[in-house]
Amino acid sequence: KQEVTQIPAALSVPEGENLVLNCSFTDSAIYNLQWFRQDPGKGLTSLLLIQSSQREQTSGRLNASLDKSSGRSTLYIAASQPGDSATYLCAVRSITSGSARQLTFGSGTQLTVLP
Amino acid sequence: DTEVTQTPKHLVMGMTNKKSLKCEQHMGHRAMYWYKQKAKKPPELMFVYSYEKLSINESVPSRFSPECPNSSLLNLHLHALQPEDSALYLCASSQETSGPYEQYFGPGTRLTVT
């Protein structure tokens, strides 16, 4: 059964810092990995999708990497801003059959960027 | 258009009420999903529809009844809910249920059961 872990659970940084959020998963048989942002009480906003054949994806100040063999992904946020404050969730889409094929979410990292 | 819409945004209902949540997408996706999310927890999968047929029910109580009237629309009918069912209900869609497809999420319905 796929398990996804995100470390740290919470992170507080001053504005302008570069930061890294970590995600690890136990079963490397995945189609892809998605990083989401969630503001309090709101839905999920997809930030980046990395297919299993890819090593990284970039969007603006965000860069996500994937090392499928070691079961790890990182989300790098450059020059953080207070508007980046949110919970960041990673989710993997497994290849194995049944409901395990669906997205398995980590518990999220709650990021606070202090002005 | 990569948008999944959900109505209503907020819903307050008593334990004896019957209400419905609606979800719509016009991306031609054939897989649609309902998730439940409690505060400070990740989303939990409830139901999966593939080509308008229920393919996964994650042992959800029968007071939650999903319906997929057509390929663009997904409903969740609610009846005799309990206060612990209060949560954010998220709808999502993807091109297919299996394969390297991205899931697109709606903004959610915040449900409060009194």
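Quick mapping for you: the protein sequence lines, in order, are chains A and B. Under this note's numbering, the residue at position 82 of the first sequence is numbered 82, and the numbers go up by one with no gaps. Under this note's numbering, the residue at position 43 of the second sequence is numbered 1043, and the numbers go up by one with no gaps. Beta carbons: idealized from backbone N, C-alpha and C, even for Gly. None of these values were measured; they are calculated from a predicted model.
For this session: Determine the chain A residues that contact serine 1098 of chain B at a beta-carbon separation under 7 Å, and present them in chain order.
Result: For the purposes of this step, residue 1098 of chain B is identified with residue 98 of the second sequence, where counting begins at 1. Taking a Cβ-Cβ threshold of 7 Å, the residues of chain A close to serine 1098 of chain B are Arg101, in chain order.
For this session: Excluding the 5 residues preceding and the 5 following serine 956 of chain B in the sequence, name in chain order all residues of the same chain whose CB lies nearer than 7 Å to its CB.
Result: Residue 956 of chain B is absent from the model: chain B starts at 1001 and stops at 1114.
Problem set entry | Sub-7 Å separation of leucine 66 of chain A and isoleucine 50 of chain A beta-carbons | The residue labelled residue 66 of chain A in the question sits at position 66 within the first sequence. The residue labelled residue 50 of chain A in the question sits at position 50 within the first sequence. Yes, the Cβ-Cβ distance between leucine 66 of chain A and isoleucine 50 of chain A is below 7 Å.
Exercise. Shortest alpha-carbon distance to leucine 114 of chain A belongs to which of A:Ala10, A:Lys1, A:Glu15, A:Leu11?
Worked result: Here the question's residue 114 of chain A lines up with position 114 in the first sequence. Among A:Ala10, A:Lys1, A:Glu15, A:Leu11, the Cα nearest to that of leucine 114 of chain A belongs to A:Glu15.
Exercise. So which residues on chain B does glutamine 51 of chain A lean against when the C-beta distance must stay under 9 Å?
Worked result: Counted from its first residue, the first sequence places residue 51 of chain A at position 51. What glutamine 51 of chain A touches in chain B, judged by beta-carbon distance under 9 Å, is Pro1100, going in chain order.
Problem set entry | Residue-chain proximity (phenylalanine 1064 of chain B, chain A), Cβ-Cβ < 7 Å | Start at 1 with the first residue of the second sequence, and residue 1064 of chain B comes out as number 64. No, because no Cβ of chain A sits closer than 7 Å to the Cβ of phenylalanine 1064 of chain B.
Exercise. Going by the CB atoms, is the gap between glycine 1108 of chain B and valine 1004 of chain B shorter than 7 Å?
Worked result: As a position in the second sequence, residue 1004 of chain B is number 4, starting the count at 1. As a position in the second sequence, residue 1108 of chain B is number 108, starting the count at 1. When the beta-carbon positions are compared, valine 1004 of chain B and glycine 1108 of chain B stay at least 7 Å from each other.
For this session: May I ask you to report which of helix, strand or coil DSSP gives arginine 101 of chain A?
Result: Within the first sequence, the letter at position 101 stands for residue 101 of chain A. Note: arginine 101 of chain A maps to helix in three-state DSSP.
For this session: Step through the CB atoms of chain B and report whether any lies within less than 7 Å of the CB of glycine 60 of chain A.
Result: As a position in the first sequence, residue 60 of chain A is number 60, starting the count at 1. For glycine 60 of chain A, the nearest beta carbon of chain B is not closer than 7 Å to its own beta carbon.
Problem set entry | Contacts of glycine 106 of chain A in chain B (Cβ-Cβ under 7 Å) | To locate residue 106 of chain A, count along the first sequence from 1; it is residue 106. The contacting residues are Pro1042.
For this session: Given a cut-off of 7 Å, decide if threonine 45 of chain A and arginine 55 of chain A are closer than it, judged by their beta-carbon atoms.
Result: Looking up residue 55 of chain A in the first sequence gives position 55. Looking up residue 45 of chain A in the first sequence gives position 45. Pairing arginine 55 of chain A with threonine 45 of chain A gives a Cβ-Cβ distance that is not under 7 Å.
Problem set entry | Start-to-end residues for the beta strand (DSSP E) that takes in leucine 114 of chain A | In the first sequence, residue 114 of chain A corresponds to position 114, counting from 1. 109-114 is the span of the beta strand (DSSP E), which, as asked, contains leucine 114 of chain A.
Exercise. By DSSP, does aspartate 999 of chain B sit in helix, in strand, or in coil?
Worked result: Here chain B comprises residues numbered 1001 to 1114, so residue 999 of chain B is not present and cannot be evaluated.
Exercise. Terminal residues of the continuous beta strand (DSSP E) containing asparagine 32 of chain A?
Worked result: One-based indexing of the first sequence puts residue 32 of chain A at position 32. 30-38 is the span of the beta strand (DSSP E), which, as asked, contains asparagine 32 of chain A.
Exercise. Can you give the Cα-Cα distance for threonine 5 of chain A and glycine 41 of chain A, rounded to whole angstroms?
Worked result: Along the first sequence, one-based indexing puts residue 5 of chain A at 5. Along the first sequence, one-based indexing puts residue 41 of chain A at 41. It is roughly 22 Å from the alpha-carbon of threonine 5 of chain A to the alpha-carbon of glycine 41 of chain A.
Problem set entry | For histidine 1026 of chain B, the first and last residue of its enclosing beta strand (DSSP E) | Here residue 1026 of chain B refers to the residue found at position 26 of the second sequence. It is not in any beta strand (DSSP E) - histidine 1026 of chain B carries neither H nor E in the DSSP assignment.
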